[in-house]
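Trainee: Under my numbering, the first residue of the sequence shown carries the number 23, and numbering increases by one thereafter.
Even for Gly, the Cβ is constructed at its ideal location relative to N, Cα and C.
Keep in mind the model is a prediction, meaning the values are calculated, not measured.
Supplied in structure tokens, the structure appears directly below.
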Amino acid sequence: MDLFEKLLSDSGPLGQHRFIDNNFYMFPKLEGPIAPRMIFKGKKVLTWSLNNYIGLANHPEVREVDAQASADWGLAYPMGARMMTGNTKYHEELEEKLADFVMKEDAMLLNYGYQGIMSVIDALVDRRDIIVYDAESHACIVDGVRMHMGKRLVFPHNNISNLEKQLIRAERLSKESGGGILVITEGVFGMSGNMGKLREIVALKEKYNFKLLVDDAHGFGTMGATGAGAGEEQGVQDGIDLYFSTFAKAMAGIGAFIAGGKEVIDHLRYNTRSQIFAKSLPMPFVIGSLKRLELLKSQPQLRQKLWEVVRGIQSGLREKGFNIGTTQSPVTPVILSGGPIEGCNLVLDLRNNFNIFCSVVVYPVVPKDVIMLRIIPTAMHTLDDVEETISAFEAIKIKLTDGTYSRAGWDDVKKVVSM
Ligand SMILES: Cc1ncc(COP(=O)(O)O)c(C=O)c1O
23 MDLFEKLLSD SGPLGQHRFI DNNFYMFPKL EGPIAPRMIF KGKKVLTWSL NNYIGLANHP
83 EVREVDAQAS ADWGLAYPMG ARMMTGNTKY HEELEEKLAD FVMKEDAMLL NYGYQGIMSV
143 IDALVDRRDI IVYDAESHAC IVDGVRMHMG KRLVFPHNNI SNLEKQLIRA ERLSKESGGG
203 ILVITEGVFG MSGNMGKLRE IVALKEKYNF KLLVDDAHGF GTMGATGAGA GEEQGVQDGI
263 DLYFSTFAKA MAGIGAFIAG GKEVIDHLRY NTRSQIFAKS LPMPFVIGSL KRLELLKSQP
323 QLRQKLWEVV RGIQSGLREK GFNIGTTQSP VTPVILSGGP IEGCNLVLDL RNNFNIFCSV
383 VVYPVVPKDV IMLRIIPTAM HTLDDVEETI SAFEAIKIKL TDGTYSRAGW DDVKKVVSM
């Protein structure tokens, strides 16, 4: 069979929607400066879907430093991989400051979070080692685990007694193979907003010999007394052997880092293939990240403002009877019952008539009879924004319950999105 023809006949759970869409549900274009109100299809919408948690994306000092660094250095500098010709004192300064901030001995920059953590996982284990990971881990962890040639054991999301069972299996397997054990979880899970049960996992280190890698993409800058993340929040930062975060969320930038003990980070410097065989992060990203980190540390009021909005929207939604799951972080899922057609009509109504833009999570990430809207509050939102959104949600919930969205029909969705 022709390879590309085969792909056309099975384009995957998301790809199957590509013929009916017109940048409405998939690849929408949010235009204008990054802010709570942006332009979608020519109209101003209240936006709840950007991970600009503490509002750094458009912070005047950040914009100024980004622009100045681009003027001073351009995007080319430095050329080559860090190990060969792409190192600078700024890259090293950022690593030192990140390590210090997350209370680890050392840190290494990664060009992107996704490929970075995949490659870190690859550099940590060989075929004798055993990986044990949470079933709801982000795709980048799953892909990192997929590269592993040895045994992989998965535990149901945040299920510590099952994790312990897997650790007992892993210890048995590692005795046979002569390898070690790596446990991987997240600080804050980006869909549910649940924190990983880091305290309980760290406590298991008393009984089992494993190292813990935590992806804290959504916890860095949002959780903990100083913003150092979910480990700080739970008082177990020391028990995390390798702490990872991307710059793509609270830092509103590009890049990522992995932090831990000096020796293991040095091992990673010489073995992380996505860094060794790739060009170093361009200077504006590095200098821009130094500025963002400085603001993240020196302006705790941004995090306090974020949490004011988080508390406003989460308690408001709960009071009105919405199911927001078990979130413990700014990530706010709104879980409704309904099929994909009702979900499409509901989002259409929300975007077109209520001028509210939030992301919708669809099957296969959630079951077929669940519509999950996902709200990401930021420090830039106001309590008026919160009120407006809760009223809109009350209105759409009534329409969902009285069958309006099932009656509207798929053809209406097709008509509107192709306009
Ligand atoms: C939990 C988690 N890990 C890693 C990544 C990937 O980071 P990046 O966007 O820097 O590739 C993301 C998404 O950005 C994420 O949500």
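Applying the 10 Å Cβ sphere with the 16-neighbour rule, what's the burial state of M130?
Mentor: If you number the sequence shown from 1, residue 130 lands on position 108. Answer is buried; the Cβ neighbour count reaches 16.
Trainee: Helix, strand or coil, according to DSSP, for A129 in the structure here?
Mentor: Indexing the sequence shown from 1 puts residue 129 at position 107. Three-state DSSP puts A129 in a strand.
Trainee: Take M441 and list the residues in its own chain whose beta-carbon comes closer than 6 Å to its own, dropping the five residues that flank it on each side.
Mentor: Your numbering for residue 441 matches position 419 in the sequence shown. Bear in mind that a pLDDT of 46 at M441, under 50, signals an unreliable position, so the number given afterwards is only what the model happens to contain. Cβ-Cβ distances below 6 Å link M441 to nothing in the same chain once the five nearest sequence neighbours on each side are left out.
Trainee: Taking 7 Å as the line, does the beta carbon of I56 fall inside it for any heavy atom of ligand 1?
Mentor: Taking the sequence shown and counting its residues from 1, one reaches residue 56 at position 34. Answer for I56: no, Cβ out of range of ligand 1.
Trainee: What's the gap between the Cα of L264 and the Cα of V236?
Mentor: Position 242 of the sequence shown, counted from the first residue, corresponds to residue 264. Position 214 of the sequence shown, counted from the first residue, corresponds to residue 236. Each residue's alpha carbon lies about 6 Å from the other.
Trainee: Would you say the beta carbon of I139 comes nearer than 7 Å to a heavy atom of ligand 1?
Mentor: One-based indexing of the sequence shown puts residue 139 at position 117. Indeed, a heavy atom of ligand 1 lies less than 7 Å from the Cβ.
Trainee: Report yes if the C-beta of Y265 is less than 7 Å from at least one heavy atom of ligand 1; otherwise report no.
Mentor: Reading the sequence shown from its first residue, position 243 is the one you call residue 265. Checking every heavy atom of ligand 1 against the Cβ of Y265, none is found closer than 7 Å.
Trainee: Are E364 and I346 closer than 8 Å when you measure CB to CB?
Mentor: Against the sequence shown, residue 364 aligns to sequence position 342. Against the sequence shown, residue 346 aligns to sequence position 324. The answer is no: Cβ separation not under 8 Å.
Trainee: Name, in chain order, the residues that DSSP records as bridge partners for F266.
Mentor: Residue 266 sits at position 244 when you count from the first residue of the sequence shown. Beta-bridge pairing links F266 to D237 and I280.
Trainee: Under the rule that 16 or more other beta-carbon atoms within 10 Å means buried, what is T354, buried or exposed?
Mentor: Here residue 354 refers to the residue found at position 332 when the sequence shown is read from its first residue. Classification of T354: buried, given that the 10 Å Cβ count is 16 or more.
Trainee: Any idea what DSSP makes of N345, helix, strand or coil?
Mentor: Position 323 of the sequence shown, counting from 1, holds the residue named residue 345. Looking at N345 - three-state DSSP - the assignment turns out to be strand.
Trainee: In chain order, what are the residue ranges of uninterrupted alpha helix (DSSP H) at least 4 long that sit wholly in the stretch 277 to 343?
Mentor: 284 to 293, 295 to 298, 305 to 320 and 322 to 341
Trainee: For L116, which residues of its own chain have a beta-carbon under 6 Å away from its beta-carbon, when the five flanking residues on both sides are left out?
Mentor: Reading the sequence shown from its first residue, position 94 is the one you call residue 116. If we look at L116 and ignore the five residues flanking it on each side, its Cβ neighbours are V308, S311 and L312.
Trainee: Use the C-beta contact count for M48: other C-beta atoms within 10 angstroms, 16 or more gives buried, fewer gives exposed.
Mentor: In the sequence shown, counting from the first residue as 1, residue 48 sits at position 26. It counts as exposed.
Trainee: For the beta strand (DSSP E) holding P8, just list the boundary residues, first then last.
Mentor: The chain is shown from 23 up to 441; residue 8 falls before or after that span and cannot be answered.
Trainee: Drop a sphere of 10 angstroms on the beta-carbon of A225, count the other beta-carbons inside from all chains shown, and report buried for 16 or more, exposed for fewer.
Mentor: Taking the first residue of the sequence shown as 1, we reach residue 225 at position 203. A residue is called buried when at least 16 other Cβ atoms come within 10 angstroms of its Cβ; A225 does not meet this threshold and is exposed.
Trainee: Which value, in whole angstroms, describes the spacing of the CA atoms of I143 and M23?
Mentor: Position 121 of the sequence shown, counted from the first residue, corresponds to residue 143. Position 1 of the sequence shown, counted from the first residue, corresponds to residue 23. The alpha-carbon atoms of I143 and M23 are separated by roughly 35 Å.
Trainee: Looking only at its chain, what residues have a beta carbon closer than 7 Å to the beta carbon of A91, apart from the 5 residues adjacent to it on each side?
Mentor: Looking up residue 91 in the sequence shown gives position 69. M305, P306, I309 and G310.
Trainee: I want to check one thing, is the minimum distance from the CB of G241 to the heavy atoms of ligand 1 below 7 Å?
Mentor: Counting from one through the sequence shown, the residue named residue 241 turns up at place 219. Incorrect: G241 has no Cβ contact closer than 7 Å to ligand 1.
Trainee: Mind checking whether the beta-carbon of E208 lies closer than 7 Å to any heavy atom of ligand 1?
Mentor: In the sequence shown, counting from the first residue as 1, residue 208 sits at position 186. E208 Cβ: within cutoff of ligand 1.
Trainee: Who are the near neighbours of G135 in its chain, counting only those whose CB is closer than 7 Å to its CB and skipping five residues on each side?
Mentor: In the sequence shown, counting from the first residue as 1, residue 135 sits at position 113. Result list for G135: C162, A239, T268, A270 and A278, in chain order.
Trainee: Indicate whether F299 and A103 have their beta-carbon atoms separated by less than 8 Å.
Mentor: For the purposes of this step, residue 299 is identified with residue 277 of the sequence shown, where counting begins at 1. For the purposes of this step, residue 103 is identified with residue 81 of the sequence shown, where counting begins at 1. Cβ distance < 8 Å, so F299 and A103 count as in contact.
Trainee: Provide the residue span of the alpha helix (DSSP H) that contains R191, from first to last.
Mentor: Start at 1 with the first residue of the sequence shown, and residue 191 comes out as number 169. Counting along the chain, the alpha helix (DSSP H) containing R191 begins and ends at I182 to S199.
Trainee: Return the residue from the list T248, F211, S428 and V67 that minimises the CA-CA distance to T411.
Mentor: Translated into the one-based positions of the sequence shown, residue 411 becomes position 389. Closest by C-alpha distance to T411, out of T248, F211, S428 and V67, is V67.
Trainee: Quick check on the DSSP output: the beta strand (DSSP E) that includes T207 runs from which residue to which?
Mentor: Taking the first residue of the sequence shown as position 1, residue 207 is located at position 185. From DSSP, the beta strand (DSSP E) with T207 extends over I203 to E208.
Trainee: State yes or no: is the C-beta of G212 nearer than 7 Å to some heavy atom of ligand 1?
Mentor: Here residue 212 refers to the residue found at position 190 of the sequence shown. Answer for G212: yes, Cβ within range of ligand 1.
Trainee: May I ask you to check if the CB of G135 is nearer than 7 Å to at least one heavy atom of ligand 1?
Mentor: Taking the first residue of the sequence shown as 1, we reach residue 135 at position 113. G135: yes, Cβ under 7 Å from ligand 1.
Trainee: Tell me which residue opens and which closes the beta strand (DSSP E) that M394 is part of.
Mentor: Your numbering for residue 394 matches position 372 in the sequence shown. Under the DSSP assignment, M394 falls in the beta strand (DSSP E) whose first and last residues are V392 to I397.
Trainee: For a test of your reading of the model: does the CB of D156 fall under 7 Å from any non-hydrogen atom of ligand 1? Yes or no.
Mentor: The residue given as residue 156 occupies position 134 in the sequence shown. No, Cβ of D156 sits at least 7 Å from all heavy atoms of ligand 1.
Trainee: Any heavy atom of ligand 1 closer than 7 Å to the CB of A274?
Mentor: As a first step, residue 274 is located in the sequence shown; it is residue number 252 there, counting from the start. Outside the cutoff, so no.
Trainee: Give the C-beta separation of N74 and T404 to the nearest angstrom, bearing in mind that I take them to be a contact with Cβ-Cβ under 8 Å.
Mentor: Walking along the sequence shown from the start, residue 74 turns up at place 52. Walking along the sequence shown from the start, residue 404 turns up at place 382. Going by Cβ atoms, the distance from N74 to T404 rounds to 15 Å, so no, they are not a contact pair.
Trainee: Once you ignore the five residues that flank I262 on each side, which residues in its own chain have a CB closer than 6 Å to its CB?
Mentor: The residue you call residue 262 lines up with position 240 of the sequence shown. Correct list, in chain order: L234, V236 and G253.
Trainee: How is the beta strand (DSSP E) around T69 delimited, first residue to last?
Mentor: For the purposes of this step, residue 69 is taken as residue 47 along the sequence shown, with counting starting at 1. Note, T69: beta strand (DSSP E), K65 to T69.
Trainee: Are the CB atoms of F415 and L52 within a distance shorter than 8 Å?
Mentor: Numbered from its first residue, the sequence shown carries residue 52 at position 30. Numbered from its first residue, the sequence shown carries residue 415 at position 393. Not a contact, by the Cβ cut-off of 8 Å.
Trainee: What residues match up with N174 in a beta bridge as DSSP calls it?
Mentor: If you number the sequence shown from 1, residue 174 lands on position 152. Inspection of the sequence shows that residue 174 is occupied by Arg rather than by Asn. Paired residues: I153.
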